[in-house]
Ligand SMILES: *[C@@H]1O[C@H](CO)[C@@H](O)[C@H](O)[C@H]1NC(C)=O
Ligand SMILES: *[C@@H]1O[C@H](CO)[C@@H](O)[C@H](O)[C@H]1NC(C)=O
């Protein structure tokens, strides 16, 4: 997957023209390790290795806060027996009633597929998981994971193809992340109490250290200083490419591509989990 540029240009065509408050970033100029720094390493200006050993994992976060736009990172997951490990890429705001948009990659035994786990928290409430089996090998090379976020929708993409949308219904019963700026996080840790086949398969520490590699942190998003009351307004104003008409919904081609993946590869959807007492309101509404 060398063609990140081609993917981004195809998906975000008007990105070039309009950017009143957009910021760009690389791993080394806008992230730092907030946890387990001794197991994290910048391997180049825009590449990072995250290691996991018995002593622990590691995580980095952006020192820039964003609101709306597109944030992409290339991730190469560990090959072979990665059971028990979890690699993450997510955006999160701070505080109790936080918003969070997640990609998590749950490892598996050799020869078994990873799980691409997605979720979204709004005002501190999550439980909106959707899980996919990858249709590619996420450890053979870097694959590019994008979180696109504007006032209309949140879109999760893999190599430029949407796999999930969380729409803003402008309904007070369904919160949408439209008030709090977020920071980017990526981490690699041991979760063998739950991550793989419900916690039955444990991390094989004989194989440690495990390595997850990141490259090309591609941000085209609105720079937002924490606690800036004008931020939401500025970042959602019409001078930004992500607020243009063409980004209010996916194109028909994108919807078709997404539906093919959802039909073939999605194996858990909170909206069809009838073991729950009550499905959230958005599950009965048009989702994209
Ligand atoms: C963010 O962190 C990097 C690397 O630690 C540093 O060089 C840069 O000055 C920081 N930027 C801001 C805006 O704090
Ligand atoms: C691991 O592989 C098994 C068997 O194919 C599958 O049931 C499971 O969903 C996979 N993923 C995880 C994270 O357990």
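Numbering (mature numbering (1 follows the signal peptide of the UniProt record, and there is no 0)), first residue to last: -25 to -1, 1 to 263. By construction, the Cβ of each residue, glycine as well, lies at the ideal position given by its N, Cα and C atoms.
Reduced DSSP secondary structure (H/G/I, E/B, other) of residue i
{"i": "residue 50", "result": "strand"}
{"i": "residue 218", "result": "helix"}
{"i": "residue 240", "result": "helix"}
{"i": "residue 248", "result": "coil"}
{"i": "residue 114", "result": "coil"}
{"i": "residue -25", "result": "Because the pLDDT of residue -25 is 46, which lies under 50, any placement of that residue in the model is unreliable, and the number read from its coordinates should be weighed accordingly. Reduced to three states, the DSSP call for residue -25 is coil."}
{"i": "residue 229", "result": "helix"}
{"i": "residue 262", "result": "coil"}
{"i": "residue 105", "result": "strand"}
Closer than 6 Å: residue i CB and nearest ligand 2 heavy atom
{"i": "residue 239", "result": "no"}
{"i": "residue 171", "result": "yes"}
{"i": "residue 112", "result": "no"}
{"i": "residue 288", "result": "For residue 288 there is no data in the structure shown, the boundaries of the chain being -25 and 263."}
{"i": "residue 90", "result": "yes"}
{"i": "residue 94", "result": "no"}
{"i": "residue 81", "result": "yes"}
Residues bridged to residue i [DSSP beta-bridge criterion]
{"i": "residue 70", "result": "For residue 70, which the question treats as bridged, DSSP gives no partner whatsoever."}
{"i": "residue 195", "result": "45"}
{"i": "residue 77", "result": "65 and 94"}
{"i": "residue 157", "result": "41"}
{"i": "residue 165", "result": "60"}
{"i": "residue 189", "result": "23 and 50"}
Beta-carbon separation (whole angstroms), residue i vs residue j, contact threshold 8 Å
{"i": "residue 76", "j": "residue 138", "result": "13 Å between Cβ atoms; not a contact."}
{"i": "residue 28", "j": "residue 184", "result": "5 Å"}
{"i": "residue 132", "j": "residue 123", "result": "7 Å"}
{"i": "residue 191", "j": "residue 48", "result": "7 Å"}
{"i": "residue 128", "j": "residue 143", "result": "6 Å"}
{"i": "residue 177", "j": "residue 58", "result": "7 Å"}
{"i": "residue 34", "j": "residue 9", "result": "6 Å"}
{"i": "residue 78", "j": "residue 120", "result": "5 Å"}
{"i": "residue 171", "j": "residue 82", "result": "6 Å"}
{"i": "residue 1", "j": "residue 36", "result": "About 14 Å; that fails the 8 Å criterion."}
{"i": "residue 164", "j": "residue 61", "result": "6 Å"}
{"i": "residue 173", "j": "residue 167", "result": "Actually they do not touch by this definition, with Cβ atoms about 11 Å apart."}
{"i": "residue 104", "j": "residue 92", "result": "6 Å"}
Ranges of the beta strand (DSSP E) found wholly within the stretch 3 to 37, counting only runs of at least 3: 6 to 10, 15 to 19, 22 to 27 and 33 to 37
At which residue ranges does the stretch 116 to 153 contain complete beta strand (DSSP E) runs of 3 or more residues, listed in the order of the chain? 118 to 124, 128 to 133 and 136 to 142
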